[in-house]
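Here's the structure, in structure tokens; my notes come after.
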Amino acid sequence: MKLFRNLRQSLIEEGKFRKYVLYALGEILLVMIGILLAFQVDKWNEQRLNRIEELKYYSNLKGDLEQYRYGFNGQIDYNGTHLEMFNYALETSLSGDPGKQDTLIQTIPYMFNYSDFDQDGNIYETLVNSGDVKLLSNEKIIKGIRGLEWRFQYINRMENIHWDIILDYVSSWASDNIKFAQMETVDNEVLYSYEFQNMLILLKRVMEEKEMVYKAAIEEIDSLTNEIDMEIELSK
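Under numbering that gives the first Met the number 0, read the sequence shown as residues 0 to 235, first letter to last.
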């Protein structure tokens, strides 16, 4: 800096004002370039740190998705086993076969069971509230998270509907018609009644819907996981 001051002073003393002005402008330009470079370096560093945080989020999200997928597969198996049982019970009840009373009675305790994923559906809302959504640059991943949140909320509604059927219909019917201690009916004819058959039909319909949305959720999870894998691969 002392050298530059001496050079400026020399130009002024020698009366070379034009050269001085050009020199001064050049010096200002160099300072501006230095400032811009400093800002650019800071910006690059900020982008690099944001990218690290973004990839960390993707890695954590992928782990969560794997757990969700495992949970849904378990619910599909559980729901499917009971659905198969209720299909058979409905066919048996409609047939009116008195020799299958024991089979129908054995079905009744399982009518109180239901698959329950019980997962908080606000994954996108949490992402927005935390501010992490600003770190994500992949719009497909953001859209996938939003879609999965909607799917979780729909699943929770279906599971609540299933539980309401158990409370409002199954429990009431069983209390009036089943001796729980002996696990036998007050009157075996109730096993072939339209009330019993209606309950099985209601359970079947909601369980079939649940199976469909469980499988749809797995498809969305797989699609989102693939998108995350591609995004992580780009950073290698």
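Ideal Cβ placement from N, Cα and C applies to all residues, glycine included.
Within the same chain, L134 come within 7 angstroms of E52 by CB-CB distance, once the 5 residues on both sides are set aside. In this structure, the CA atom of N86 is about 10 angstroms from the CA atom of G79. Our two residues, Q105 and D221, have alpha carbons roughly 38 angstroms apart in a direct line. Rounded to the nearest whole angstrom, the CA to CA distance from A215 to S170 is 31 angstroms.
In the structure shown, the three-state DSSP call for K55 is helix.
Taking a C-beta distance under 9 angstroms as the contact criterion, K139 and E226 qualify as a contact pair. Looking only at T91, Q66, W149, the smallest Cα-Cα distance to N121 is reached by W149. Residue burial is scored here from C-beta neighbours: Q181 has fewer than 16 other C-beta atoms within 10 angstroms and is therefore classed as exposed. Taking every protein chain shown into account, the CB of S92 has 16 or more other CB atoms within 10 angstroms, so this residue is buried.
For E210, the enclosing alpha helix (DSSP H) has its first and last residue at 193-233. Approximately 36 angstroms separates the beta-carbon atoms of I144 and Y168; this is outside 8 angstroms, ruling out the contact. Residue pairing by DSSP places K178 opposite E183 in a beta bridge. If you look at E188, you'll find it isn't in any alpha helix (DSSP H); DSSP assigns it neither H nor E.
One thing to note: I164 has its Cβ within 9 angstroms of the Cβ of V205. Taking every protein chain shown into account, the CB of F116 has 16 or more other CB atoms within 10 angstroms, so this residue is buried. CA-CA distance, M110 to V212, rounds to 21 angstroms. Rounded to whole angstroms, the Cβ separation of W172 and E194 is 6 angstroms, and the two are in contact under 8 angstroms. Here the alpha carbon of K203 sits roughly 20 angstroms from the alpha carbon of Q100.
A distance below 9 angstroms separates the beta carbons of Y67 and Q118. With 16 or more other Cβ atoms inside 10 Å of its own Cβ, Y113 counts as buried. Of the candidates S192, V185, E210, I217, the residue whose Cα lies closest to the Cα of E83 is E210.
Counting along the chain, F151 sits inside the alpha helix (DSSP H) bounded by residues 138-164.
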